[in-house]
Amino acid sequence: IIKNKGVYSSDEEAAAVASAGIEHSNKRILLFDSSKVHIHGGAKVCDLDVVDNIVTDDVRNPHILSLFEGKIL
1 IIKNKGVYSS DEEAAAVASA GIEHSNKRIL LFDSSKVHIH GGAKVCDLDV
51 VDNIVTDDVR NPHILSLFEG KIL
């Protein structure tokens with residue numbers, strides 16, 4: 001997850017599958033480990049603005065709060 005860039009995956013096939021699922025979803029909930037913030041993978045999954053809500057292990061992390069204000073479940 002990179003600010004102003006989006007959500008990435010190190011696995012290109014997984015990124016393609018996730019992107020397709022996101023395109024056809026009514027609600028987009030991103031589940032991620034907070035250690036993945038600011039880690040750039042190889043293949044882009046989606047832009048941050050398409051994410052409706054997030055679920056993560058560290059909802060008090062200031063970087064996560066700034067990226068996803070109002071979207072934390």
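Each residue of the sequence shown is one higher than the last, beginning at 1 in the working numbering. Think of the CB as a built atom: it goes at the ideal place given N, C-alpha and C, for glycine as much as any other residue.
Could you tell me whether the Cβ atoms of VAL34 and THR56 are closer together than 9 Å? First, the residue type needs correcting, since residue 34 is Ser and not Val in the sequence shown. In contact: SER34 and THR56 (Cβ atoms closer than 9 Å).
Determine the extent of the beta strand (DSSP E) in which LEU31 is found, giving its start and end residues. LEU31: member of the beta strand (DSSP E) spanning 29-32, first to last residue.
Length of the line joining the Cα atoms of ILE72 and TYR8: Whole-angstrom Cα-Cα distance: 19 Å.
Tell me ILE72's beta-bridge partners as DSSP assigns them. Note: ILE72 sits in a beta bridge opposite ILE54.
In whole angstroms, what is the alpha-carbon distance linking ILE64 and VAL37? If I take the Cα positions, the gap works out to 7 Å.
Inter-residue Cα distance where the pair is VAL50 and PHE68: In this structure, the straight-line span from the alpha carbon of VAL50 to that of PHE68 is close to 11 Å.
Rounded distance between the beta-carbons of ALA43 and GLU12, thought under 8 Å: Contact between GLU12 and ALA43 is confirmed by a C-beta separation of about 4 Å, below the 8 Å threshold.
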